[in-house]
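Mapping of the sequence shown onto UniProt numbering: position 567 corresponds to residue 567, and the numbering continues sequentially without gaps.
We put the beta carbon where it would ideally sit given N, CA and C, even for glycine.
Working notes, beginning with the structure itself.
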Amino acid sequence: MAPRRLSRLAALLRHHRPGQFAWRLYRTAQRHLRRRLPERLVFQVGRSQAGWKPGAQAAFQAIATRRLQLWPQRNAHAADISDGQFRFLNQSRDLRIHASGDEPDIDWNPEAPRLWRFHLQCQEYLTDLADQRGADAAYSIVRSWLAQPRHQSPTRDPDAWHPFCISRRLPVWLSLAAAHDPPVEIAGLFWRCVGDQVLWLRRNCEWDLGGNHLLENLSALYLAESYLDLGTAAVGPSVQPRLLAELDEQILPSGEHYERAPTYHALMMVCVLQCAEAARFAQSNVLDRLRIVISQMLQFAQWIRQPDGHFPLLADSARGETPDLDKLFAWAENFWEPDARGNPTVDYWATQTDRGDRLLFDVGPLGCDHLPAHAHADLLQITATLGGRDAIVDTGNYEYEPGQLRQRCRSTSAHNVLQLGSREQCDIWSSFRMGRRGKPLWQRHGTTNGYSWCAAAHDGFDCPTGRVIVSSGSAWTVIDWFHGYPGEVTATSRLHWHPDWRLALGRDPSHVSAFHPDAPESIYRIESLGESAELSIDESLYCPDFGRQINNQMIVNVKRCDSNGWLGFHLPLQAEQASPVPQVRLEGGRLNVTSGDGGEISVFVEEGRWLG
Numbered sequence: 001m002a003p004r005r006l007s008r009l010a011a012l013l014r015h016h017r018p019g020q021f022a023w024r025l026y027r028t029a030q031r032h033l034r035r036r037l038p039e040r041l042v043f044q045v046g047r048s049q050a051g052w053k054p055g056a057q058a059a060f061q062a063i064a065t066r067r068l069q070l071w072p073q074r075n076a077h078a079a080d081i082s083d084g085q086f087r088f089l090n091q092s093r094d095l096r097i098h099a100s101g102d103e104p105d106i107d108w109n110p111e112a113p114r115l116w117r118f119h120l121q122c123q124e125y126l127t128d129l130a131d132q133r134g135a136d137a138a139y140s141i142v143r144s145w146l147a148q149p150r151h152q153s154p155t156r157d158p159d160a161w162h163p164f165c166i167s168r169r170l171p172v173w174l175s176l177a178a179a180h181d182p183p184v185e186i187a188g189l190f191w192r193c194v195g196d197q198v199l200w201l202r203r204n205c206e207w208d209l210g211g212n213h214l215l216e217n218l219s220a221l222y223l224a225e226s227y228l229d230l231g232t233a234a235v236g237p238s239v240q241p242r243l244l245a246e247l248d249e250q251i252l253p254s255g256e257h258y259e260r261a262p263t264y265h266a267l268m269m270v271c272v273l274q275c276a277e278a279a280r281f282a283q284s285n286v287l288d289r290l291r292i293v294i295s296q297m298l299q300f301a302q303w304i305r306q307p308d309g310h311f312p313l314l315a316d317s318a319r320g321e322t323p324d325l326d327k328l329f330a331w332a333e334n335f336w337e338p339d340a341r342g343n344p345t346v347d348y349w350a351t352q353t354d355r356g357d358r359l360l361f362d363v364g365p366l367g368c369d370h371l372p373a374h375a376h377a378d379l380l381q382i383t384a385t386l387g388g389r390d391a392i393v394d395t396g397n398y399e400y401e402p403g404q405l406r407q408r409c410r411s412t413s414a415h416n417v418l419q420l421g422s423r424e425q426c427d428i429w430s431s432f433r434m435g436r437r438g439k440p441l442w443q444r445h446g447t448t449n450g451y452s453w454c455a456a457a458h459d460g461f462d463c464p465t466g467r468v469i470v471s472s473g474s475a476w477t478v479i480d481w482f483h484g485y486p487g488e489v490t491a492t493s494r495l496h497w498h499p500d501w502r503l504a505l506g507r508d509p510s511h512v513s514a515f516h517p518d519a520p521e522s523i524y525r526i527e528s529l530g531e532s533a534e535l536s537i538d539e540s541l542y543c544p545d546f547g548r549q550i551n552n553q554m555i556v557n558v559k560r561c562d563s564n565g566w567l568g569f570h571l572p573l574q575a576e577q578a579s580p581v582p583q584v585r586l587e588g589g590r591l592n593v594t595s596g597d598g599g600e601i602s603v604f605v606e607e608g609r610w611l612g
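What follows is the structure, given as structure tokens:
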């Protein structure tokens, strides 16, 4: 076996939990067995029955109303679905099938990436379609789905009956049914299918995967358990204890979801909010615990939100997939618990001015160790807004299909971090895999001589590698360093800029000017720090959404170093105004930063001990 394959196998065994392997083996064996058994022995559809509990239909409208238009970007083209035009992930397809003498039907199994097909099967566009074109338009989609022969059994269409798709589709169907009763001719079939899906989901929760998928599974089951009379589909233990256990694990003390991607944090907020509405309807005492979780998640989301109103595109985040934050926060505020306490600064540090200049410094781990699917090689990543506008940005993510663009968006060079040679902070492979990975070593922050600062280090290059950020209120200084690398190496630090910004090299290669077309008179001058360090401007890609790639520019700072080295950037925050440039020295394992007014601060790079 090749060394890389051995390394990746070792990483899987080291970081993944035994239960994940056990469940994966069980599911694999189960799938093979199901393919060989007659359908009637695997699962018999039509034997389950569901219906509203007393008062549940009116109560569920609280969820239906909140969900409506929660994804305005994603569902902007919902009305076109009536004409067979489906658009997901910025890719459009005409799915009309014209049969002789019949009304056009829908091709439910198109040639498309799997995530695109998942969006088709999740049907989260239905409530917006009903709002824009009426309930008949939405139920025509449901009618087509129910009539599709491949949807008559879980063994015939793994997408339609995938636990994740069921988990996303059930709240949509219930939202539609809460606002508009199903047409008489399909009502019986509709509710039997709801019962079947609940029963199949109960038997096939994604215990092997965990994370956001499992939380979607459990929250959908909790909605069904709370609002529906399920008959035989309700046989079995309550899902509530496992839901609470997953929330305890997946929501960190900071309030952040443990996969550390802001978009997924927001999506999990939707799950927990739906569960809170269900607990309130059921008059369950679990509501108090859910209120605390929601309040902690809200605190984190409010803290990490940028002055431009968006989340930073950390890890596998995407603008169109992120719920409307104003609507999401308004929903969460209904469950606010004043005594809930989170600490967003556990893994992040930020500095901000009243002008809308905000720098976010990610000093936490890459992601969840046993579930790194949505993590990128972004240890010590920074993003920033200037004047309230997105300026220094994460590259984002283009797709989940394995390939060059997926690999590129997850790579070290796609982030605003230090890279040594061509090495990666972690071994990323396939679409969602990660082998060897760097980890944070330490982080410190505070105020010294009137300057706020944060320093952190990681071991992603097999030697202490770190970043120090100093903010004076009028300028940011970013210093990258490494200590004890085995031999000479080229150190490269990058700053990726939002496509709206324009960059230009100065007369000398130590300066780059940046300006925004909406404020061409405001020119920011970025200066390199360190002897022999030279700035250049390269082309890059910005992928704020699935299926979108936009050309942008990045500033590249390159320096040839021996086993110890440093380089940095200095960015004045007031356009056209100079700011004292600090002096930096790295010697004897100690990084010294002397500010323009003579104040000195030092950090011992091996241990993170900071001196004023």
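Nonlocal neighbours in the same chain, by C-beta distance under 8 Å from residue i, ignoring five residues either side
i	result
G101	Only weak support exists for where G101 lies, its pLDDT of 46 falling under 50; the value from the coordinates is given anyway. Contacts found: none.
I97	P104, D105, I106, D107
Other residues of its chain near residue i: CB distance less than 6 Å, five sequence neighbours each side excluded
i	result
A504	S513
T492	Q419, V558
T412	A377, Q419, E424, Q425
A56	Y227
S472	Y451
D538	M554, V556
V194	A50
L129	A78, I81, A137, A138
R5	none
H15	D369, H370
L189	L146
Cβ-Cβ separation, residue j to residue i (assumed contact under 8 Å), whole Å
i	j	result
L379	H458	4 Å
P183	A220	Their Cβ separation, rounded to whole angstroms, is 24 Å, which puts P183 and A220 out of contact at 8 Å.
V468	V558	With a Cβ gap of about 19 Å, V468 and V558 do not count as contacting.
P253	V346	7 Å
D157	S48	The pair is not a contact, with the Cβ atoms about 18 Å apart (cut-off 8 Å).
R168	C122	4 Å
N90	D545	6 Å
Q443	N416	With a Cβ gap of about 17 Å, Q443 and N416 do not count as contacting.
Q44	G210	Their Cβ separation, rounded to whole angstroms, is 29 Å, which puts Q44 and G210 out of contact at 8 Å.
Residue from the options whose Cα sits closest to the Cα of residue i
i	options	result
D390	P38, N552, Y26	N552
D159	P113, I479, G231, R406	P113
Y139	R117, D181, P110, F118	D181
E337	D362, I294, D462	I294
G84	E216, S536, L120	L120
L571	I526, W429, R433, L199	I526
A519	C561, Q299, Q574, A78	Q574
P486	S536, W501, N564	N564
T65	Q20, W161, H77, A179	A179
S532	A455, C543, P509, F546	P509
P307	V270, D354, A282, N90	D354
W23	E259, D208, I479, Q407	D208
P344	F515, S536, Q61, Y258	Y258
N397	R319, L199, A350, L12	R319
H498	L215, G388, I141	G388
Cβ-Cβ distance between residue i and residue j below 9 Å
i	j	result
T385	R358	yes
N217	P163	yes
Q549	L405	yes
H272	L287	Inspection of the sequence shows that residue 272 is occupied by Val rather than by His. No, Cβ-Cβ distance for V272 and L287 is not below 9 Å.
A10	G435	yes
W566	G530	yes
A78	Q132	yes
T490	C561	yes
I63	L247	no
A433	L366	Here the sequence assigns Arg to residue 433, which means Ala is not the residue at that position. No, they are not a contact pair.
L591	V581	no
D362	L314	yes
C463	W349	no
F604	V478	no
A375	R410	yes
Same chain only: Cβ atoms within 7 Å of residue i, ignoring 5 sequence neighbours per side
i	result
T127	A64, R67, L68, V172, S175, L176
V239	L218, L221, Y222, E225
Specify whether the region 224-234 and the region 259-270 touch according to this definition: at least 3 beta carbon pairs, one from each stretch, less than 8 Å apart.
-> no
Quick one: any contact between the region 286-305 and the region 237-253, if contact means 3 or more CB pairs under 8 Å?
-> yes
With contact counted as at least three CB pairs below 8 Å, one residue from each stretch, are the region 70-77 and the region 316-333 in contact?
-> yes
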